[in-house]
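Heads up: the sequence shown begins at -2 in the numbering used here, then just goes up one per residue. Just below is one structure, and these are the notes that go with it.
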Amino acid sequence: MNSNPGFGRRFSRRKPVGQNGVLTADYRELQAELARARVRITALDREIASLSATLDQARARALGVPHS
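Here you go:
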């Protein structure tokens, strides 16, 4: 038997069910927090893309590269 209890453990996608729904409520709150984080990441990705395009344009102007 392995002395590391976490070794080889598989995590399922089943929702935990706890006494009085405590674990289920925690799970739902974590899912909501994860969804908010994903929305924030998407917004930041868009902002990075926009800033990158602006930087590319500024570099092109500085180098005198004609735009299309």
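Glycine residues also receive a C-beta, built at the ideal position from the N, C-alpha and C atoms. In this text, all values refer to a predicted model and were calculated from it rather than measured experimentally.
query, result
"Nearest-angstrom Cα separation, counted from R37 out to R43", "10 angstroms"
"Length of the line joining the Cα atoms of V62 and Y24", "53 angstroms"
"Alpha carbon of Q28 to alpha carbon of L20, nearest angstrom", "12 angstroms"
"Beta-carbon proximity list for E26, same chain, < 8 angstroms, skipping 5 on both sides", "none"
"Simplified DSSP assignment, three categories, for V62", "coil"
"Whole-angstrom distance between A55 and I45, CA atom to CA atom", "15 angstroms"
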